[in-house]
Every structure is written in C-alpha cells, then in structure tokens.
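A short worksheet on the structure shown next.
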Amino acid sequence: MAPRTHKRGAVRGAARRRRLPMRYLLPSLILVALVAMLMLRGYVHSEILADHRIQPEAATDRVPEKILDGGPVIDTRGGRTSSLSVPKHHLVLTFDDGPDPEWTPKVLDILKKHDAHAVFFVTGTMASRYPDLVQRMVDEGHEVGLHTFNHPDLSFQSKSRIDWELSQNQLALAGAAGIRTSLFRPPYSSFADAMDNKSWPVTEYIGSRGYLTVVNNIDSEDWKKPGVDEIVRRATPKGGKGAIVLMHDSGGDRHQTVEALDRLLPTLQKSGYEFDNLTGALGAPSAHTQVTGPDLWKGKAWTWAVQASDKITGILVVSLAVIGVLVITRFGLMLLLSVAHARRVRRKGFRWGRPITEPVSVLVPAYNEAKCIENTVRSLMAGDHPIEVVVIDDGSSDGTARIVENLRLPNVRVVRQLNAGKPAALNRGIANARHDLIVMMDGDTVFEQATVRELVQPFGDPSVGAVAGNAKVGNRDSLIGAWQHIEYVMGFNLDRRMYDMLRCMPTIPGAVGAFRRSALERVGGMSEDTLAEDTDITMAMHRDGWKVVYAENARAWTEAPESVQQLWSQRYRWSYGTMQAIWKHRRAVIERGPSGRFGRVGLPLVSLFMVLAPLLAPLIDVFLLYGLVFGPTEKTIGAWLGVLAVQAVCAAYAFRLDKERMTPLISLPLQQILYRQLMYVVLLQSWITALTGGRLRWQKLRRTGVVGSAPGATAGAVPRPRAESGSDRRPVG
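Just so you know, we're using the numbering used here here: the sequence shown kicks off at 98 and counts up by one.
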C-alpha cells in the first residue's frame, strides 16, 4: 500500500508542477476572448462568412406556371405547390433588411400614428444587434419574418448553409422577442413571376422546412431614393386591388421612405384600405410561436454575446484611436524635442558650467560576472578622467572578486558582501566611495575612453543631481541584438532627449549613470522597494528638486540578452519595476513644489507612454490582422505602412543623432511584427502580476563576455573575446 500512496502523491505533485501559472493563463484567456469577440463581431457585421454574390436571371421552364402566374405568398409546405394573394382593399406593407437603429423607430412611429400594421423581414445580424427594436415590433402588433442571417443569395448556397441561415435567424428572434416565425422572404427577391430555375428549388426546400415564402407584387423601389412622390406613386395599388408592398427600413438613408409612408397611409385609408399583418389579411393563424425553455435561453445568450462583443469591440476601437493619438503624439514630441535638445547641447560654446576635473568614484555592483568583469574594469582604467573603481561583489560564487583582485590595478578596490541584491550593493559602494561624484555601471558594461568625463560634466550646473548616459547594445550581431539596438537608439535615447527637455526623465540607466553624493543622501540612497531601482532613484531625485539630464556623448556598451527567454526575464522585471516605481511615487501628483511638478507632468507622461500606450498598442496589430484577413485589406495595409513610415523617420533621425549606421533599420518592419509582440506580452504579464498581487523576484541573466571593449578602444583595453561555447549563451533556467 505504501508504494501506491507514494505514487499517487508523486502524481499529484507532478500535476501541481504542471499547472499553468496565472500570469500565463490570464493573457492566454484574454487573447482567446479578444479573438472570439472579434470573430463574433465580424460574423454579425457580415465581414466574416458573408457571400455578396447575386445570381443572374435564369430560365423558368422548371417553375410551375401557377407559381409564375400566382400570388406573392408561395406555399410549398408538405409537398404543396400553391400561392395566395391578398384580398382587395388590403395592403400588407413589408420592410426588409432591418431593424435599423435610426430608421426603424421612425417607421414604427409612423405606423403607430396611423394605427397601421406591417411585416418586418429582419436579418439575423441586425436583430442580434438591436433586439429591443424587434421586441417593439412584436409588442406593437406587427409580424416579423426571416430574411436570413447574413443576407446571401440562397441560390448559391448549400442546404446546410440555408439551414444555418434560417436557424441563426430564428435564434436571433428568440433572443430578441422570444418568438419563432413561419414567414420567410429570400434576399434579392421580387415578384412571383421572377422565380426561375435557380431560385425555385430553394423555395421548395424552404417550404419543406415549414416556411411560407413571401415575395411582393408592388415594389416601391425606395432603395433607389427616387423622391417621396415617386415612392408614393409606386406603392399605391390600382383599382382597389390587394397587394404586398416592398419597402426598406434599413440599408442606408431612408428619410424618403419615412416621409412617403406618412403620406401614403392616410391617403389609402381614406380610400378604404386596411393595413394588416400578412396572416391577418389572409385570415390565417399568427405566424408567431412563443419560444420557451432551453431554446429561449440560447437565444437570450446569443443576443447578449452579440451586444457584449459589439460594446467591447466599440471600446477597443475607441482605445485604438486613443493609442493612435498617443503614438503619434509621442513620435511628434520625440522628434521636435530631440531636435531642440541636440541643438542646445551641440551649439558652439555650450557649457554645463565650470569644467569638472576632480576625481570620480565608479561603482560596479557585480554578482557572478566572471566572464565580463575584467573587460569592464579595464575599460574604466583606459578612461581619460581620474577615477577610483569600487567593485562590490554581491556574494558571487564564480570568483568575480578574485578576478578583479588578481588584476592588481591601481585605484581599483573590491568590497565583498553576502548576497543582498543590487540596491544593497550600490549603497555599500556609496558608503565606501571617496569622492562626491559617483558613477554607477553594470558589471557587464564597458565604457569608452571619454565616457566618465562626458558623464560628469553636467555637474558643472549645481542644480543637476543626476545624469543619464547613452547606453548602447554591444552584441548587436544577431537579429535579436539588432532589434534591441534599434530599441535602445530610437526608443530609449530619443525618449531621454524628450524627457530631458520636459525635465521629467524617468530613468537613469543602470548601465551608465552618475549622481551627486549629496543628492543620493538626501533621498536615502538606493531603495529596495522596487525591482527597478534605477527608475525609483530617478523619480526620487525629481521629487527632491534636482535636475536629471542626459549626456549623449557618455556612451556605454552593454551586453543585451541573447535569447528570447533572457529578454523576457529582463523586460518583465523592468516593466514590473516601473509600475512599482510609479505606484510608489503616486503621491507626487497631489504634492506641491518640484515633487508636484514631476507628479503632474512626469508621472502622467511616463504612465501614458511607458505603460498605457504599450499595453494598448497590441490593438493596432490585432485590428491589422483582422483587416488583412477580412478587409478592407488595401486600407489596412496603407494604414500600417503609414505608421511604419513614421517610426522609420523617427528611427532614422535617432540613428543620425547617435552617428550610427542605418543598416540595422532594414530589420525594422520585422521588429514591429515579431519583437514588439513579445514586449506586449511581457507588459501584459507584468500588469497581471501586479493586479493579482504576485511578487516577482530578481532574475539574474547569464553573461557571456561577448562585449569585450568599446568601439575604438585605446590600447590596453581587452579585445572582445568569443563566447566559449553555445551553452554559455543559454539563459539560466
């Protein structure tokens, strides 16, 4: 018994391990729900499975003469072949293609005004979307007939498709008014003598399903909009004959129909005409049957789902407009303010203030950076500004500290601590730094010769508390590296120029940033409250009244993630940490002074451009895919190419500002199709983690040392090594 118990326990444990985490399950469910809603909306709006073909006239030799010469009501039920006509002085008004939210209520108002009844042949698509109007038709004593669900020419359709059109139409009626009907009018039908060899078999089949087929013997041709007088003339029978009149309450502007109806009804009533339902005019039982039980609830569920999809997709369309405005606004601001920033800092004679020549402390927090740390330290030693280097070994297990100590370089110290995280390591470094200006960098990053000097020059302005450098991707040879290179140059660096001009830069990059010691001490140093300590400290600087600026020439070359899994881990932490920082500093919105300015300018911009816009941006791609598949394809492609062109202009300008080669931009379209989707999912997962109260731990990326030195490095810098093996470049599991 014991082994069996153990086996069951193992199975249960394996099942628990295989359970899909909520952060993966919810995005999947949201995607499935979104696709389902779009498909449902497309089906109900006749964008999916619609068939707009119209059969040309055919021979009539297989149509019985008594049908061709008979009345407009054709009965083929139970193998019968007969037709009926409306008695004299009875006029049955019929309205096709509705209900329409604008024109059907006006038609109903006119009918009610003149105490007249009519038959409305509704499509399932419109009845599903506007069930209240169908209910009003029934409540006011009118009859309702089927006009198919999607309005196809049934002579092109199979029997299964015909059954589907009828059953879906009935489902919509059941949901809208709790009824079934036995009346049917084929789309594109006219008079009985127009029945031909293509449409007659359909009419026979429709009868075998229990329906009366209703055509007409007077066509008002109101759909042509010939004028009110002409509609009245065409709809008026001659010699007191009974008739079924074809009109429309949907399909376009029907104001002529409404005006003609208001004139026709009293005129013919004075001539002795009665305006009946069809069954009333024929003296037959009502065409309506009440629906109860499961069929009723299925109909209610259907109309609820259709209206929900309409409302939700309507909200999504509005959101798409919002995201479009945000994206264009951001691109516009990036271009305009980047131009202004470049002109300001590049003009002849520009100075931040007095030249900064005093020594600087460079802090390098390191955790298992054995493959990179030597390159990092040697790049600092090759610099042209006096520095001390403090490497804070955060409990590394790969000999990182020993590698640095064995270099025996002057002004390089190692401070060891038990593993406590990057913020704690930086605070330990601040406590051990000897100088008032402190540069912070990552252990996988290399500096150019002038990076430290360029980075600290803005401190010539005593109001500057922190400086962001220009982080660049060093390992850009792979496709994923090239995409990140585009993102760094275009997204991050143009953004920093824009935020610099707006005085609300949200993040000093961990790879290359500088701080005044006094500013750090005033805000309490690096905080462990969030997973984005660089964003957290930057926002704290703004709230304390310090300027945070961007130094474009302080370039640092960092090792970007080289696999999708590594990239996912990094961006997941960044996104989640940014949300944490925004939430932490939310009180700035209601505060006064510099904190209030940042709260009412910086936080909204960061929330819009870094959180909300990327979260909603997938809608662009969802609607793009929908438009490509279901149309209008040309307009969809044109719109997408327009957005891509705007992005390409921004990217090209950003590359020009950074003096980068334009070659990587060849992959920009592919980046928008593939890479951007990954970023969307990462951000959505971060949102879900935050909303569900999840906690995200720091996720260390495996380094390869692929970035050996900065381009143009001076002698003494270590040349770029090759990765030792393919396994070095796999992410940590």
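Glycine included, every Cβ here is placed at the ideal spot set by N, Cα and C.
Segment limits, beta strand (DSSP E) that includes residue i
| i | result |
| --- | --- |
| Asn650 | Lys644 to Thr655 |
| Gln387 | His385 to Gln387 |
| Val686 | That residue, Val686, is in no beta strand (DSSP E); it is neither H nor E in DSSP. |
| Ala568 | Val561 to Val570 |
| Phe192 | His187 to Asp193 |
| His345 | Ala340 to His345 |
| Gly221 | Unbroken run through Gly221 is the alpha helix (DSSP H), Gly221 to Arg226; no beta strand (DSSP E). |
| Leu309 | Leu309 to Val311 |
Burial state of residue i (16 or more Cβ within 10 Å)
| i | result |
| --- | --- |
| Leu628 | buried |
| Tyr669 | buried |
| Ala405 | exposed |
| Phe447 | exposed |
| Ala678 | buried |
| Lys295 | buried |
| Thr811 | Residue confidence for Thr811 is low, a pLDDT of 44 falling below 50, so the modelled location carries little weight; the figure read from the coordinates is stated next. Result: exposed. |
| Thr191 | buried |
| Thr548 | buried |
| His214 | buried |
| Val129 | exposed |
Limits of the unbroken alpha helix (DSSP H) element including residue i
| i | result |
| --- | --- |
| Asp539 | Element bounds for Asp539: n/a, residue is neither H nor E. |
| Phe858 | For the chain, the structure presents residues 98 to 830; residue 858 sits outside this window and is missing. |
| Ile303 | Ser296 to Ser305 |
| Gln514 | Run containing Gln514: none in the alpha helix (DSSP H); it sits in the beta strand (DSSP E), Val509 to Gln514. |
| Thr733 | Thr730 to Leu754 |
| Gly578 | Leu576 to Ile583 |
| Ala522 | Lys519 to Asn529 |
Nearest residue (CA-CA) to residue i, options the options
| i | options | result |
| --- | --- | --- |
| Asp574 | Ala568, Asn567 and His582 | His582 |
| Ala568 | Glu584, Val299 and Ala215 | Glu584 |
| Leu430 | Met598, Ile453 and Ile527 | Met598 |
| Met759 | Gln769, Val746 and Leu771 | Val746 |
| Gln546 | Pro483, Ser493 and Met595 | Pro483 |
| Lys163 | Val170, Arg174, Pro153 and Ser179 | Ser179 |
| Trp671 | Leu780, Thr333, Thr354 and His239 | Leu780 |
| Ala565 | Thr632, Gly221 and Ala357 | Thr632 |
| Asp641 | Asn650, Gly621, Asp626 and Gln782 | Gly621 |
| Glu237 | Arg513, Ala274, Arg619 and Ala611 | Ala274 |
| Ser704 | Ile500, Gly674, Leu477 and Lys210 | Gly674 |
| Asn524 | Glu618, Asp592 and Val442 | Glu618 |
| Asp206 | Pro606, Met234 and Val189 | Met234 |
| Gly571 | Pro658, Arg427, Tyr308 and Trp394 | Pro658 |
| His186 | Gly588, Gly377, Ser257 and Pro391 | Gly377 |
| Pro836 | Asn465, Ser624 and Met587 | Missing from the structure shown is residue 836; the chain here goes from 98 to 830 and no further. |
| Pro161 | Trp297, Glu551 and Asp212 | Trp297 |
| Gln152 | Tyr285, His142, Asp626 and Ile276 | Tyr285 |
Distance, residue j Cα to residue i Cα
| i | j | result |
| --- | --- | --- |
| Val156 | Gln254 | Strictly speaking, residue 156 in this sequence is Ala, with Val absent from that position. Cα to Cα, Ala156 sits roughly 19 angstroms from Gln254. |
| Trp654 | Gly496 | 23 angstroms |
| Ser824 | Ser660 | Confidence at Ser824 is low in this model, with a pLDDT of 36, below 50, so the placement of that residue should be treated as unreliable; the coordinate-derived value is given next. Rounded to whole angstroms, Ser824 to Ser660 spans 12 angstroms at the Cα level. |
| Met537 | Val486 | 10 angstroms |
| Ala820 | Ile763 | Below a pLDDT of 50, predicted positions are generally treated as unreliable, and Ala820, at 36, falls in that range; no measurement from the model is reported. |
| Ala271 | Pro711 | 42 angstroms |
| Met292 | Thr300 | 9 angstroms |
| Asp718 | Arg773 | 10 angstroms |
| Ala43 | Ile259 | No information on residue 43 is available, as it lies outside the stretch 98 to 830 that the chain covers here. |
| Arg817 | Lys468 | Since pLDDT at Arg817 reaches only 38, below the 50 mark, its modelled position is unreliable, and the value read off the structure follows with that caveat. If you take the alpha carbons of Arg817 and Lys468, they lie about 11 angstroms apart. |
| Pro196 | Val231 | 7 angstroms |
| Gly735 | Gly724 | 11 angstroms |
| Arg531 | Ser458 | 7 angstroms |
| Ile527 | Asp490 | 14 angstroms |
| Ala651 | Asn503 | 28 angstroms |
| Gly324 | Asn374 | 26 angstroms |
| Tyr165 | Ile420 | Position check: residue 165 holds Leu in this sequence, whereas Tyr was assumed. Cα to Cα, the separation comes out at about 58 angstroms. |
| Ser125 | His142 | 26 angstroms |
| Val561 | Phe544 | 22 angstroms |
| Arg150 | Asn266 | 20 angstroms |
Any chain B beta carbon closer than 9 angstroms to residue i
| i | result |
| --- | --- |
| Arg451 | As a matter of chain content, chain B is missing from the structure shown, which is built from one protein chain. |
Next on the checklist: If contact is defined by three or more beta carbon pairs under 8 angstroms, each pair taking one atom from either stretch, is the stretch 194 to 208 in contact with the stretch 346 to 360?
Outcome noted: yes
Checklist entry - So, do the stretch 273 to 293 and the stretch 238 to 247 have three or more beta carbon pairs nearer to each other than 8 angstroms? => result yes
Item to check | contact_flag[the stretch 599 to 614, the stretch 693 to 700] where n(CB pairs < 8 angstroms) is 3 or more | outcome: yes
Next on the checklist: Using 8 angstroms as the cut-off, can you tell me whether the stretch 216 to 228 makes contact with the stretch 353 to 369, which would need three or more C-beta pairs spanning the two stretches below that distance?
Outcome noted: With contact defined as three or more Cβ pairs closer than 8 angstroms, the stretch 216 to 228 and the stretch 353 to 369 are not in contact.
Next on the checklist: I want to know whether the stretch 540 to 556 touches the stretch 610 to 624 - three or more CB-CB distances under 8 angstroms.
Outcome noted: yes
Next on the checklist: Tell me whether the stretch 296 to 315 and the stretch 170 to 179 touch, counting them as touching only if at least three CB pairs, one residue from each stretch, are closer than 8 angstroms.
Outcome noted: yes
Checklist entry - At a cut of 8 angstroms, does the stretch 362 to 380 reach the stretch 332 to 342 through at least three beta carbon pairs? => result yes
Checklist entry - Can we say the stretch 407 to 414 touches the stretch 134 to 144, given the rule of at least three CB pairs closer than 8 angstroms? => result yes
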